[in-house]
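Quick note on the numbering used here: the sequence shown kicks off at 8 and runs consecutively.
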Amino acid sequence: MKLLFAILFLFVLNIPAKAVELTPTPDTKTTEIVNIVKQIVSESITPTPIISDKPKSFYGNITKIENNTITIVYKNKTQLIEVNDETVYIDLKRNKSKLSNFKAGQEILAMGYLNEENVLNGKRILATELKSVVNKHQTVTGQIVDISKETSIFTLTPNYNKNSPFQLKTDSKTKIVDTDNKTILSSSVIVNGKKIIAIIQPDSKLENTFYTTKIINLDSTTKISSSNSTVKP
């Protein structure tokens with residue numbers, strides 16, 4: 008009984024302690040209390056799952072496709088992607104495709120939502136070439152909330168933290184495309200309320216500003232320009 012009261016006292020004070028082996032006594036009530044304490048302690052250290060309702064996107068190289076799960080790796084980080092009958096697949100020629108056409112070694116952009124196990128529920132899988140779209144630095148998905156009238160700078164509110172907006176700069180070298188990688192006019196994309204994916208890097212000339220190397224428009228209603236059109240900031 009003394010050992011039991013000592014354990015209860017430590018638990019009430021919420022003082023972490025090393026696990027100890029409890030030996031039940033012939034006292035049935037004492038044994039029941041010990042088992043309850045064990046259960047409470049066990050439950051208290053179980054991590055609470057976090058479910059994200061915000062869209063996420065991941066670049067990576069497919070390492071395995073098995074049981075409707077795609078495993079990708081990028082910069083030594085592994086990400087699992089679950090797919091189903093509603094998942095949309097786009098191949099390198101920007102045509103609709105299917106899961107069986109994707110193979111290990113292929114590079115993709117996966118969009119969807121993370122579940123409590125940190126697995127992405129894939130909504131859209133795009134075949135791509137990472138070297139042509141991935142920047143050394145950062146990819147941000149969000150909504151344009153303000154545009155400068157004097158400069159080629161606009162403000163993007165990221166989906167993961169609306170209280171930490173990005174100030175982004177574009178120029179004539181910034182690529183602006185739709186989700187099928189077709190070039191579109193900046194005037195139809197860089198507008199208030201537009202949802203985009205921005206590939207960015209810190210601007211060496213402007214403090215707290217990021218240079219945008221590529222913009223992917225997430226609004227499928229945007230009109231596509233001719234292939235010879237020049238993209239302007």
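We put the CB at the ideal spot given by N, CA and C, even for glycine.
If you're wondering where the values come from, they're calculated on a predicted model, not measured in any experiment.
Quick one: what's got a C-beta closer than 8 Å to residue 136's C-beta in the same chain, skipping five residues either side? 99 and 114
Distance, Cα to Cα, residue 153 vs residue 216? 14 Å
Do the CB positions of residue 181 and residue 219 come within less than 8 Å of each other? yes
What residues in its chain sit with their C-beta under 6 Å from that of residue 131, if we drop five residues either side in the sequence? 95 and 118
Coarse secondary structure for residue 155, derived from DSSP in three states: coil
Using 10 angstroms around the beta-carbon of residue 193, count the other beta-carbons present and answer buried if the total reaches 16, otherwise exposed. With 16 or more Cβ atoms within 10 Å of its Cβ, residue 193 is classed as buried.
Keeping to the same chain, check which residues put their C-beta closer than 6 Å to that of residue 73; ignore five residues upstream and five downstream. For residue 73, same chain residues with a beta-carbon under 6 Å away, outside a window of 5 residues either side, do not exist.
Based on DSSP bridge pairs, tell me the residues matched to residue 131. 95 and 118
Residues sharing a beta bridge with residue 66, DSSP: Residue pairing for residue 66: DSSP places it in a beta bridge opposite 116.
Which residue wins for smallest C-alpha separation from residue 213, given the options 175, 116, 148 and 164? Distance check between residue 213 and each of 175, 116, 148 and 164 places 175 closest, using alpha-carbon atoms only.
Give the C-beta separation of residue 133 and residue 186 to the nearest angstrom, bearing in mind that I take them to be a contact with Cβ-Cβ under 8 Å. 7 Å
May I have the straight-line CA-CA distance separating residue 66 from residue 188, to the nearest angstrom? Taking the Cα positions, residue 66 is about 15 Å away from residue 188.
If you reduce the DSSP assignment to three classes, tell me which class residue 106 lands in. helix
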